[in-house]
Amino acid sequence: MWTSWGKIQHIDLPKVPFSPSVLNSSGDHLAIGNLRSYGDSCLINPGTAISMLNYDFFLEWNSQSGRLRVCGGVLLADILQRCVPDGWFLPVVPGTKFVTVGGAIANDIHGKNQHKVGNFGHFVLELELLRSDGEAIKCSPNQNASLFYATIGGLGLTGIILNACVQMIPIRSSMIDTEIVRFNGLHEFFELSANSLNDDYSVAWIDCVTQSHGRAQARGHYIRGRHAQSGTLVSHSIGHRRNVPFEFPGFMLNRATIGFFNTVYYHRQFFKKRSLTQHYDPFFYPLDSVLNWNRIYGKRGLYQYQCVIPLGGRKALQEILDCISVSGQASFLSVLKTFGTIPSLGMLSFPTEGITLCLDFANRGQSTLALFDRLDDILRQVGGRLYPAKDSRMSSLDFKTGYPQWQSFLQYKDPSITSCFWKRVMGYTPPKMKPGPDAFPNRSGHL
Amino acid sequence: MIKTVVVMGATSAIATAILRQLVGADAYRVVLLGRRPEPLQLLKQDLLIRGAKIAEMIVSDMGDSRGAGLIVQEVLSHVTTIDILLISYGELGHIDARTNARETDRLLQVNFTSTAALLSGFLPLFENQRHGHIVVISSVAGDRGRQSNYIYGAAKGGLSVFLEGLRHHCFRFGVHVLTVKPGFISTPMTAHLPKGVLWSTPEAIAPLIINAIFSNQSEIYVPGFWRWIMGGVRLLPEWLFHRSRL
Ligand SMILES: Cc1cc2nc3c(=O)[nH]c(=O)nc-3n(C[C@H](O)[C@H](O)[C@H](O)COP(=O)(O)OP(=O)(O)OC[C@H]3O[C@@H](n4cnc5c(N)ncnc54)[C@H](O)[C@@H]3O)c2cc1C
Ligand SMILES: NC(=O)c1ccc[n+]([C@@H]2O[C@H](COP(=O)([O-])OP(=O)(O)OC[C@H]3O[C@@H](n4cnc5c(N)ncnc54)[C@H](OP(=O)(O)O)[C@@H]3O)[C@@H](O)[C@H]2O)c1
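Protein sequence lines correspond, in order, to chains Y and L.
Residue numbers for the first sequence follow numbering that gives the first Met the number 0, beginning at 0 and rising by one.
Residue numbers for the second sequence follow numbering that gives the first Met the number 0, beginning at 0 and rising by one.
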């Protein structure tokens, strides 16, 4: 039995290690990486889940130009291990280094530097795609360009990403000059965002529990950083597990404990502003030091809700925060980040100019899903959308409205590849389920 | 000083993890043996990027014991000393082999006879050079014959006894022989099996094996708790053991 990071849905079929002939078998297939997606975009049932983790070879590394070619199953952690000592860093990193290059491309992942450089896909110079007809196709912005743009953010549906050539970025030090600023209220967040456009990296941690005058107080820490200009080049240590700076309540995640945690965390920093120079590992991946932290959410697992609210939707953002704080369901690890003006390359890429909000919710069944439905209502009005990598319940209609290019995408999809996510958002109804009254009966009903 | 490591079954997930950690930490020349040229070529290039000073590959079928002499010759035409000889190929086989004479014979060949033949072929080199580590991946399956996979288990058990004797012999030559007994490790060999809490990964056990190599240990269970599990399995009285489906 295996599952994705959110542990909501479990699969009882064995995973098959990648081999070049793996797509020849009958039935549906899906390449999967390190299963760090939260929802069902990396799940398939029925069908063959092809684990890419054993296809993890470095193919070319040029420490002069920073061009790296690796197989789809290579972990970002291994790339940093190899390239940081040579003075090169990954152009885009998510909040964990334990994702594969194939997964990074398939979700066109974004990092704390999205506002400045765009997504992972902007740094993919070329990739090789294995299709179920047996062909291995090279794609890049200059060659098979449409297939390339379908594959960036293509949720693994256009074929197996065998390997990719990535442009790394030069660094002089493995340290990050960091500044942490406390803010109170969204207006302060927006002010800080506007003033931080020149920082390489920026992100905010926000308290979605505490209220004042019946509204979400929206206080938090704004964290910005840039690569230090001098220092040593040392990659992260393997196997060494640091302590998290705060203790998670391992039992009972409830409003009181989480509220307490958020308050303590907020006041952890006494001064309005604090500067420090820290290694890239704790700066980018504070959670990686705790193996399997998703287990603290217990057997029922967790949902992550990540949306992007287009520019001009500030009111909607406040409304969403209010809604969450009133529900009392939010947990720690709520994140706000400004997405910049660089257009995403992929037909189904998530980032678009605006603000992205991302929070974890313990799975409390119907009440959690009902909250998401209310958030969706607000989001819909401002034309926002949800991130497939984090999703296990968005409606087919919301997907199709949020990702209007889905129809042009269909022609590039490989006929023998699909995922639980894809069947769901395409409006496929599992045979035994009774169709609901509306046209898209899957809405949260598949659970 | 560049050290030489020769690996039989280099494409095995466990061997690959060991090799990557070795070349990342020190200067090595790696000589890789395997059956299939494409994955061997990928691994060779990968190890060069990860820090190997020199990498060579030899395509050969080690599982056939009749070829052992030739394989040893071929390796010795590449290298004159071996600092680490790692033997990691093996095949779990299918339970149906129980009633299949040819398949039983073949599994014993792949997992025992061929390895023993190779080790005998390399022994003169080690006796002459008077140093080096011989590291062979056996298995916890060799600790007690169990209905679920006793052919593989018998081969690994025979291999462990062979290594015990070889270690005894090699002691006076200053040559170190390490028997590695992995428990359940998630690798392509075991991809079809349902996983549980006892399972570990090649990346997790590789440092344990490397540590055992350089501290000249005789036998290592990886992860370590398998020593206690197998101790328990060995101690089970027959009347109880026979009622189990182990
Ligand atoms: C703690 C944490 C923090 C995170 N932070 C961020 C963040 O800041 N920004 C962000 O964008 N995401 C973030 N994520 C999400 C994560 O980056 C993505 O879900 C990523 O795609 C996971 O990669 P993976 O290797 O685990 O792939 P999986 O989750 O296993 O698969 C993801 C998708 O990739 C496809 N795929 C995988 N390999 C291949 C291949 N070789 N060929 C074709 N398709 C393939 C799968 O089919 C699936 O659709 C975070 C996740 C966690 C757990
Ligand atoms: N995984 C476990 O749980 C476990 C437990 C105990 C012991 N072991 C032992 O660990 C060793 C390494 O296995 P692994 O887990 O790393 O599995 P693996 O990744 O599947 O590797 C198996 C290796 O053996 C080779 N091989 C298989 N059959 C062969 C044959 N008939 N002739 C020659 N070579 C053959 C394979 O070569 P190709 O690449 O050409 O197929 C591959 O290199 C084996 O000796 C195994 O018995 C494994």
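Just so it is clear, CB atoms sit at the ideal spot from N, CA and C, and this is done for glycine as well.
As the structure is a prediction and not an experimental result, all values here were calculated from the model.
When secondary structure is reduced to three states using DSSP, residue 138 of chain Y falls in the strand class. For residue 113 of chain L, the enclosing alpha helix (DSSP H) stretches over residues 113-128. Under a criterion of Cβ atoms nearer than 7 Å, the residues of chain L adjacent to residue 58 of chain Y are, in order, 44. Only residues of its own chain outside the window of five on either side were considered, and among them 10 have a CB closer than 8 Å to the CB of residue 38 of chain L, listed in chain order.
Excluding sequence positions up to five before and after residue 112 of chain Y, its CB lies within less than 6 Å of the CB of 199, 200, all in the same chain and listed in chain order. In terms of beta-carbon proximity, residue 222 of chain L stays away from the interface with chain Y, with every pair separated by 8 Å or more. Against chain L, the CB of residue 293 of chain Y has no partner CB under 8 Å away; the residue lies outside that interface. DSSP, read as helix, strand or coil, puts residue 291 of chain Y in coil.
Scanning the stretch 207-238 of chain L from its first residue to its last, the whole alpha helix (DSSP H) runs of 4-plus residues come out as 225-234. Taking 8 Å as the cut-off, the Cβ atoms of residue 222 of chain Y and residue 262 of chain Y do not count as close. The beta carbon of residue 184 of chain L does not come within 8 Å of any beta carbon belonging to chain Y, so the residue lies off that interface.
Less than 8 Å separates the beta-carbon of residue 160 of chain Y from that of residue 71 of chain Y. Taking 8 Å as the cut-off, the beta carbon of residue 107 of chain Y is found closer than this to the beta carbon of residue 343 of chain Y.
Taking 8 Å as the upper bound for CB-CB distance, residue 163 of chain Y and residue 123 of chain Y are in contact here, some 5 Å apart.
At least one beta carbon of chain Y lies nearer than 8 Å to the beta carbon of residue 190 of chain L.
In the three-state DSSP reduction, residue 421 of chain Y falls in the helix class (H, G or I). Contact annotation for residue 233 of chain L against chain Y: no contact, minimum CB-CB distance about 30 Å [criterion: below 9 Å].
Between the stretch 102-117 of chain L and the stretch 144-159 of chain L, the count of C-beta pairs closer than 8 Å reaches three or more; the two stretches touch. Residue state for residue 192 of chain L is assigned as coil, using DSSP reduced to three classes. Boundaries of the beta strand (DSSP E) harbouring residue 302 of chain Y: 301-309, taken from the DSSP string.
DSSP lists L:135, L:218 as the bridge partner or partners of residue 178 of chain L. Under the Cβ criterion (8 Å, minimum of three pairs), the stretch 115-123 of chain L does not count as touching the stretch 197-213 of chain L. Sequence-ordered contacts of the stretch 48-73 of chain Y with chain L read 53, 56, 57, 58, 60 [C-beta pairs closer than 7 Å]. Burial state of residue 328 of chain Y is buried, judged by a 10 Å Cβ sphere holding 16 or more other Cβ atoms. In this structure, DSSP gives residue 198 of chain L a state outside helix and strand, which the three-state scheme calls coil.
Taking a C-beta distance under 8 Å as the contact criterion, residue 232 of chain Y and residue 172 of chain Y qualify as a contact pair. Rounded to the nearest whole angstrom, the CA to CA distance from residue 285 of chain Y to residue 223 of chain L is 29 Å.
Between the stretch 69-82 of chain L and the stretch 1-9 of chain L, the count of C-beta pairs closer than 8 Å reaches three or more; the two stretches touch. Distances from the CB of residue 12 of chain L to the heavy atoms of ligand 2 include at least one below 7 Å. Among the CB atoms of chain L, none fall inside 8 Å of the CB of residue 45 of chain Y. Nearest CB-CB separation between residue 16 of chain Y and chain L: below the 8 Å threshold.
Burial check for residue 58 of chain L: the Cβ neighbour count within 10 Å stays below 16, so the residue is exposed. For residue 123 of chain L, none of the residues of chain Y pass the 8 Å Cβ criterion, the least Cβ distance being about 35 Å. Identification of residues in the stretch 10-27 of chain L having a C-beta nearer than 7 Å to some C-beta of chain Y yields 12, given in sequence order. Within 10 angstroms of the beta-carbon of residue 196 of chain L lie fewer than 16 other beta-carbons, which makes it exposed.
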